[in-house]
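> If you scroll down you'll find the structure; I have some questions about it.
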Amino acid sequence: MAVNPQQEELRERAVVAEAGAPGVAAAGAPVRQTSLWRDAWYRYRANRAAVIAAVLFLVLLAYVIFVPIFSPYDPYEVNFSDAYLGPSLAHPFGTDQYGRDLFTRAALGGRISIGIGFAATIAIMGIGVVYGSISGFIGGKLDNAMMRFLDALYGLPYLPFAIIVTQLFQTVNFWVMVIALTIASWFTAARVVRGQIISLKENDYVRAARAVGARWYRILGRHLLPNTLGVLIVFVFLELPGVILGEAFLSFIGLGINPPKASWGSLAQDGRDVYLAHPSMILIPSVLIAWLILCAFFIADGLRDALDPRTRET
Amino acid sequence: MTKFVIRRLLWTIPVLLLVILFTFLMMRQIKGNPFRKTERAVPASIQANLNRKFHLDDPWYVQYADYVKGVFTLDLGPSLVLRNQSVNDIVRSHFPVSLELGAYAFLFAIVVGIPLGMIAALRANKPADYGAMLIANVGFAVPSFLVATLLIYYFAVKWDVGVPTSGWDTWQSKILPSIALGFFPMAYFARLVRGTMLETLQQDYVRTAKAKGLRPQRVVGLHVLRNSLIPVVTAAGPLLGAVITGSFIIETIFAIPGIGRYYVNSVSARDYSVTMGLTILYAVIVIFGNLVVDILYGFLDPRTREART
């Protein structure tokens, strides 16, 4: 049956509107859609902790992005006469064992840590969306098999598994870390997406769309996936702390990104050897990690309340 | 119920086989032949002998079957780097230490985390709640290597209260590592208990209990606490993984001779058979941890039995 896609859309929209779906009413889709996001924005703004967290998050991002650009110091130049300087105006975070400015190096380390964090989280979401929507949408035996497979993967211990994946490569660089952390932790995302797809599938507007003959890709792309978007955005900020901590742990035990590049985890490792004489060297990268994680955490909280008030957590 | 337990037990066998297969295939990808890349060239005849000794000429599925047989008969093979040491020896001498550390960490997490969560829920939106949640949120976000370093810095060095900075022999030496490792689960429990308890406090049966004049302590002890702790049991599964991850850090920092530190060393030393054996040991722990949690949950909340096999 060859149906003109435009016709199909019109027909579907009429039926969907009749079925009483929110979002696509007589006013037309675009207007309602902006109002959904504006609603979310208002709700987010009302959450003071989330707003502060977002501002602090932006401050951290600005520090990480701009400081290396404007810094007068070369982050890799060795200068032993300046080794282990304490915090001062010239070096707000002091210097490390090679006399390198820690204010600059911590910012560069932040680029790597946050970069790995976001890249891995996005990859995790990508795999999760594909795997979860195939499993949830098709259902039946395939769904069962795919979920059993996931159950089995849950038996893999997270950090050892990530370590083994890094060992598959000759050197450990940015992308190897992203791959290792992604492979070791995509399972939960797949489960979350599958759960969403399954619960959305039962909605009246999806049935209506199906009844008027919408194809599977249309149902998935138009009705199911856009509705998981809110959950996915929240999930990014929920997943980010775990990934960033995983990277920090790997770097801290010396199995992370190779020097002279440094992430917050490897900076903390440098500081670990001299924590008695120079406690600020381990303190600063650790506090930056905690800063980022707390921000992500409260942002996720605010986003969840804003995007889906029904699932408000106590 | 018996049927549920048996089904759940049988299900762990294919899971274990699959996990071993993954680990096995990945380790093969890394090593190829462990004796070929040594600094000295090995004469061909010795190479052949080594290959025969370690069955390296067999096709991969035969090696896999051999390895699985080894795992199920509790023989994880020899170490490739440490002469005259098998992976079993390493597990036997170092695993009890890690187990003890993990147990103390969980104990600390439960003993401190659950009351903290209870206080926060019962005094919701009051200073006590804010204080408890501040501790919990900090514990949630601060990486364990900082917690460990701060504990050492203050308790072992600055104030010197009689705890050593490293090692694992006297009871004093076990305090700081256990707290450092248990800090994250503690924060997790506190947050979780607060959330579930606030939810339980809203339930009708709690209102009924209050309405019929039960004393507040009894309402909390009898109705609220019991029903709030069920979700805590499920959290123990994922937390097991977090504790394993944390043990890598804590054992390295405190120089504790547990398998976490051994694992890190085996990776650096490219001792593949140890890495693989310990990975599978961890997998077994995680799988059986989840099994126990599932069965326990089935007992505590009968509604989940059907849905969860």
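Chains as they are written, first to last, in our numbering: chain A, 33 to 346; chain B, 15 to 323. Every residue gets a Cβ at the ideal spot worked out from N, C-alpha and C, and that includes glycine.
#1: Using the Cβ count rule (16 or more neighbours within 10 Å means buried), how would you classify K173(A)?
#2: Between which two residues does the alpha helix (DSSP H) holding S100(B) run?
#3: Quick check on the DSSP output: what are the complete alpha helix (DSSP H) runs of length 4 or more inside the region 135-187 of chain A, in order along the chain?
#4: Interface residues of chain B around R304(A) at Cβ under 8 Å?
#5: Taking C-beta to C-beta, are V268(A) and M157(A) nearer than 8 Å?
#6: Between the region 195-224 of chain A and chain B, which residues of the former have CB atoms less than 8 Å from a CB of the latter, in chain order?
#7: Ignore the nearest five residues each way along the sequence and tell me which others in S158(B)'s own chain have a CB closer than 8 Å to its CB.
#8: Can you list, in chain order, the residues of its chain with a C-beta nearer than 7 Å to that of P245(B)? Leave out the 5 residues immediately preceding and following it.
#9: For Q202(A) and V152(B), what's the separation of their Cα atoms in angstroms?
#10: V204(A) to G288(A), Cα distance in whole Å?
#11: Please list, in chain order, the residues of the region 144-171 of chain A that have any C-beta partner in chain B closer than 7 Å.
#12: Would P317(A) and L339(A) be called neighbours here (beta carbons separated by less than 8 Å)?
#13: Give the residues of chain B in contact with I265(A), contact being defined as C-beta atoms less than 8 Å apart.
#14: Since F125(A) is in the alpha helix (DSSP H), which residue starts that stretch and which ends it?
#15: With a cut-off of 8 Å, do at least 3 Cβ pairs link the region 295-314 of chain A to the region 144-154 of chain A?
#16: Alpha carbon to alpha carbon, how far is F169(A) from V63(A)? Give it in angstroms, no decimals.
#17: As a quick exercise: from P57(B), D183(B) and D308(B), pick the residue whose alpha carbon is nearest that of I20(B).
#18: Relative to the alpha-carbon of A117(B), which residue among N63(B), Q99(B) and S192(B) has its alpha-carbon at the smallest distance?
#19: Got a sec? Which residues, its chain only, sit under 7 Å from V175(B) by beta carbon, not counting five neighbours each side?
#20: Count the other CB atoms, across all protein chains shown, that sit within 10 Å of the CB of L254(B); report buried if there are 16 or more and exposed otherwise.
#21: Identify whether P157(B) lies in helix, strand or coil by the three-state DSSP scheme.
#22: CB-CB under 6 Å to A135(B), same chain, minus the five flanking residues each way: which ones, in chain order?
#23: Check the Cβ-Cβ distances between V63(A) and every residue of chain B, and say whether any is below 8 Å.
#24: In angstroms, rounded to a whole number, what distance separates the CA positions of V238(B) and V220(B)?
#25: Suppose you measure from the CA of D183(B) to the CA of P271(B); what does that come to, to the nearest Å?
#26: Mark Q199(A) as exposed unless 16 or more other C-beta atoms lie within 10 angstroms of its C-beta, in which case mark it buried.
#27: Which one or two residues does DSSP pair with D133(A) in a beta bridge?
#28: Does any residue of chain A have a CB that is nearer than 8 Å to the CB of F122(B)?
#29: Please check if any C-beta of chain B sits within less than 8 Å of the C-beta of D183(A).
#30: Please report whether the beta-carbon of V111(B) lies at a distance below 8 Å from any beta-carbon of chain A.
#31: Thinking C-alpha only, which one of V105(B), R284(B) and N139(B) is nearest V85(B)?
#32: Report yes or no: is there a C-beta of chain A within less than 8 Å of the C-beta of Y277(B)?
#33: Since L232(A) and V238(A) should fall inside the 8 Å C-beta cutoff, what is the C-beta to C-beta distance between them, to a whole number of angstroms?
#34: Out of curiosity, what's the CA-to-CA distance linking R344(A) and Y296(B)?
#35: Can you find the residues in the same chain that come closer than 8 Å, C-beta to C-beta, to I195(A), ignoring five residues on each side of it along the sequence?
#36: In angstroms with no decimal places, state the Cα-to-Cα distance between V244(A) and V162(A).
Inspection of the coordinates gives the following:
#1: exposed
#2: Element bounds for S100(B): n/a, residue is neither H nor E.
#3: Fully enclosed alpha helix (DSSP H) runs of no fewer than 4 residues occupy 172-185 of the region 135-187 of chain A, in order along the chain.
#4: F159, T163 and I267
#5: yes
#6: I195, I196, V197, Q199 and L200
#7: Closer than 8 Å at Cβ, skipping near neighbours: A194, L195, F197, F198, G260, I263 and I264.
#8: The beta carbon of P245(B) lies closer than 7 Å to those of L206 and T210 in the same chain, with the five residues before and after it left out.
#9: 37 Å
#10: If you take the alpha carbons of V204(A) and G288(A), they lie about 7 Å apart.
#11: Taking 7 Å as the Cβ-Cβ cut-off against chain B, none of the residues of the region 144-171 of chain A qualify.
#12: no
#13: Ordered by position in chain B, no residue passes the 8 Å Cβ test against I265(A), which lies about 20 Å from the chain.
#14: Premise fails: F125(A) is in no alpha helix (DSSP H) and is neither H nor E.
#15: yes
#16: Because the pLDDT of V63(A) is 48, which lies under 50, any placement of that residue in the model is unreliable, and the number read from its coordinates should be weighed accordingly. The straight-line gap from Cα to Cα measures roughly 29 Å.
#17: Out of P57(B), D183(B) and D308(B), D308(B) has the C-alpha closest to the C-alpha of I20(B).
#18: Minimum Cα distance to A117(B) is reached at S192(B).
#19: F169
#20: buried
#21: coil
#22: The answer, listed in chain order, is R208, M211 and L212.
#23: Confidence is the limiting factor: at V63(A) the pLDDT is only 48, short of 50, which leaves the residue's position unreliable, though a coordinate-based value still follows. No, its Cβ sits nowhere closer than 8 Å to a Cβ of chain B.
#24: 7 Å
#25: 10 Å
#26: buried
#27: T127(A)
#28: no
#29: Closer than 8 Å: yes.
#30: By this cut-off, V111(B) is not an interface position.
#31: V105(B)
#32: By this cut-off, Y277(B) is an interface position.
#33: 7 Å
#34: Per-residue confidence for R344(A) stands at a pLDDT of 46, beneath the threshold of 50, marking its modelled position as unreliable; the derived number appears in the next sentence. Between R344(A) and Y296(B), the C-alpha separation is close to 35 Å.
#35: Residues of the same chain with a CB within less than 8 Å of the CB of I195(A), apart from the 5 flanking positions on each side, are A212, L282 and L287 in chain order.
#36: Answer to the nearest angstrom: the Cα atoms are 26 Å apart.
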